[in-house]
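Residue numbers (our numbering), protein chains in the order written: chain A, 636 to 1183; chain B, 495 to 663. We treat Cβ as the ideally placed atom computed from N, Cα and C, and that holds for glycine. A short write-up of the structure that comes next.
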Ligand code: SF4
Ligand code: SF4
């Protein structure tokens, strides 16, 4: 007869017997809620990815091709050759541990293998075994191990528990970039048929139909037209988006989250109002209808395939430069990879110049694409926008720096400058310094892992972010979390629903849309979400009556 | 002296032990980190656990509203509900307090006749655990709801366009 356990025996660590097992011996625990489902074969077939097959994680049979080891090792060799950085990152880590406690997945799950140094070791141990003499000879003693099925499963588990956020690299004295290693590791997984369904489905839909959500060009246009009508209903201003218009000065590209899902759609309403206000000569493209790029989360090759639509459209339409909406990973791709992906200088575009202020965006000289926050901050700085911050008086905001725009490309001041100009004084509160700007904590759901089956993992990965948000909520009564990333707008509401349900998420251009004063507008009584404004319309009348 | 007074007097030692015991249920490398890192933003699990257990201890020595007790439980359980696979593992920490109190107050319990009050405390800890199951279930249900809501949210703009609300689907 089995004995009934004592409470202390139910908690594994309390009866923990040293010595601890070496990290190589601890197998990942594929508990439901902690991993993403493997990709359905259909999606892989759509985009011609190898070894499509129905797979199930709990089954021990993952259906790897017979020569999978050969494929992975050959792939590793190729990449060591192509990316000097990879070889360098493998060789120079001194295991100082400075990165160990900097990853939100370690901080939220408490799983030591989510320490970046150990995440890297998952790959590095195989590199040592097959590509370093000492590893070949000494094996485990030299931190080397055979590439077994267990190892590949471990890669699948932990490389999809890294959101490529690069927080760890900020603290590494050598600047070792785990994100680059994760990306290349995911490529190796894809080369033997291992992909996650949520990212793969988005990629296939984008490749086939034009957006991650699978919206057709017609649906894309209908949705934006609808948001223009909404603008007219609320503000009385007719906004006139155009589509595929040749000869427009600017091509505007934004992620599908901005036109298909709330609260992103309110941000899109803000874009339309802003462009109308300044009379920007711009066009949407139903072909480059997706600014986001889940392809990059699978492989550079797929990232390139999806990204190439943007320049191709810019070229076909004959625009001068590209303006991009509020997105995070889209910016990392456009800012850091797009010209390389394209393969030749982007000479058919001009160095972006704001037609309203004449400001030359020298930072976009190479890739010819400007972020909406840079563009808007410049408009405000030059006094081109008439803004009424009181229309955002119901919003008390804190700002989440998205990893990709903040750490990835250094956009810290522009959104803050806009925020301070569209909110009444005292309505913007920063989270603690170790959780913002370059040290920002990731939303925990980026890099293609915002599926629903891994919700428990996402809530753990997002805990450090939510913990800081909760603090400003409790201390200062902050009620909105602002961001300039569409993935954040999709995933932060869910994160907050779990940890800080009192808070709402908003894009920054949505608040610009609220605050913009058009000469011929109707009286505004609500914001773009149909929420009553404080001190306007009925609310103002009631206040006045009370005052009498 | 009454047990409640003793508990209040020794609160910091008792709660510190309770916290450390819970930290020890994590892998050793993690436990070291949770104990060492004092910044609440760099150590959110540690912060949640210590805030939660301090609050929970208060519910045992003071009279509190049911909602306050549930909130105190929720501080820790919302973390454990994500990290442990079974409710028994997620809630085991509550029972640990019984032993800690006996060990921390061993002398006093021996010298003074506090058996009855100790039994009363045990019963309250049991009660706390039962409420813990409610909180745990709520959290697990919440995760399920979030899964469903998020799927709907992905097309929420489209639903708005079609004149439908989230409840219509
Ligand atoms: S890149 Fe981000 S998610 Fe990945 S290991 Fe580093 S800190 Fe963690
Ligand atoms: S901080 Fe850099 S060198 Fe130190 S363990 Fe981490 S990756 Fe290695």
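* Does DSSP classify residue 833(A) as helix, strand or coil? -> helix
* To do: Assuming residue 669(A) and residue 1091(A) form a contact by the criterion Cβ under 8 Å, report the distance between their Cβ atoms to the nearest whole angstrom.
  => 6 Å
* **Cα-Cα separation, residue 901(A) to residue 708(A)** => 47 Å
* Asked: What number of angstroms, rounded off, separates the C-alpha of residue 628(B) from the C-alpha of residue 565(B)?
  -> 11 Å
* Among 639(A), 645(A) and 792(A), which one has its Cα closest to the Cα of residue 661(A)? -> 792(A)
* To do: Could you tell me whether any Cβ in chain B is nearer than 9 Å to the Cβ of residue 848(A)?
  => yes
* Host beta strand (DSSP E) of residue 709(A) (start-end) -> Run containing residue 709(A): none in the beta strand (DSSP E); it sits in the alpha helix (DSSP H), 703 to 717.
* To do: Would you kindly work out how many angstroms separate the C-alpha atoms of residue 1107(A) and residue 1064(A), rounded to a whole number?
  => 7 Å
* Consider the Cβ of residue 505(B): report whether some Cβ of chain A lies at a distance smaller than 9 Å. => no
* To do: Flag residue 803(A) as yes when its Cβ comes closer than 8 Å to any non-hydrogen atom of ligand 2, and as no otherwise.
  => yes
* Asked: chain A beta carbons: is any one of them nearer than 9 Å to that of residue 567(B)?
  -> no
* **Cβ-Cβ distance between residue 1083(A) and residue 1119(A) below 9 Å** => no
* Asked: By the 10 Å Cβ neighbour count, where 16 or more other Cβ atoms means buried, how is residue 897(A) classified, buried or exposed?
  -> buried
* Of all Cβ atoms in chain B, is any one closer than 9 Å to the Cβ of residue 819(A)? -> no
* So with Cβ pairs under 9 Å, would you call residue 631(B) a contact of chain A? -> no
* Same chain, Cβ closer than 6 Å to residue 939(A), neighbours up to 5 away in sequence not counted -> 976
* To do: Would you verify that the beta carbon of residue 852(A) is, or is not, closer than 9 Å to some beta carbon of chain B?
  => no
* Asked: Buried or exposed: residue 656(B), going by 16 or more other Cβ atoms within 10 Å of its Cβ?
  -> exposed
* Asked: Shorter than 9 Å from the beta carbon of residue 929(A) to some beta carbon of chain B?
  -> no
* Asked: What's the C-alpha gap between residue 712(A) and residue 797(A)?
  -> 23 Å
* Using DSSP bridges, identify the partner residues of residue 1050(A). => Answer is none; residue 1050(A) lacks a bridge partner.
* Distance between residue 589(B) and residue 654(A) (C-alpha atoms, nearest Å) -> Unreliable placement is indicated for residue 654(A), whose pLDDT of 38 sits below 50; the coordinate value is still reported in the next sentence. Rounded to whole angstroms, residue 654(A) to residue 589(B) spans 27 Å at the Cα level.
* Name the residues in the segment 635 to 653 of chain B whose C-beta lies less than 9 Å from a C-beta of chain A; which are they? -> 636, 637, 638, 639, 640, 641, 642, 643, 644, 645, 647, 648, 649, 650, 651, 652 and 653
* Taking only beta-carbon positions, decide if residue 646(A) is within less than 9 Å of chain B. => yes
* Asked: Leaving out the 5 sequence neighbours to the left and right, which residues in its chain are closer than 7 Å to residue 748(A) when beta-carbon positions are compared?
  -> 658, 754 and 793
* To do: Would you please state the rounded distance, in angstroms, between the beta carbons of residue 1133(A) and residue 640(B)? I believe it to be under 8 Å.
  => 6 Å
* To do: Return no unless some Cβ of chain A is closer than 9 Å to the Cβ of residue 590(B).
  => yes
* Can you say whether residue 694(A) is buried or exposed, counting buried as having 16 or more other CB atoms within 10 angstroms of its CB? => exposed
* Asked: For residue 966(A), which three-state DSSP category applies?
  -> helix
* Given a cut-off of 9 Å, decide if residue 788(A) and residue 779(A) are closer than it, judged by their beta-carbon atoms. => no
* Measure the C-alpha to C-alpha separation of residue 833(A) and residue 935(A) and round it to an integer number of angstroms. => 18 Å
* Would residue 645(B) be called buried (16 or more neighbouring beta carbons within 10 Å of its own) or exposed? -> exposed
* Inter-residue Cα distance where the pair is residue 1111(A) and residue 1047(A) -> 22 Å
* Using a threshold of 9 Å, state whether the C-beta atoms of residue 922(A) and residue 682(A) are closer than that. => no
* Asked: From residue 650(A) to residue 644(A), what distance separates their C-alpha atoms?
  -> With a pLDDT of only 46 at residue 650(A), under 50, the local geometry of the prediction cannot be trusted, and the value read off the model is given with reservation. Near 6 Å, if we compare the C-alpha coordinates of residue 644(A) and residue 650(A).
* Contact under 9 Å by Cβ, residue 513(B) with residue 547(B) -> yes
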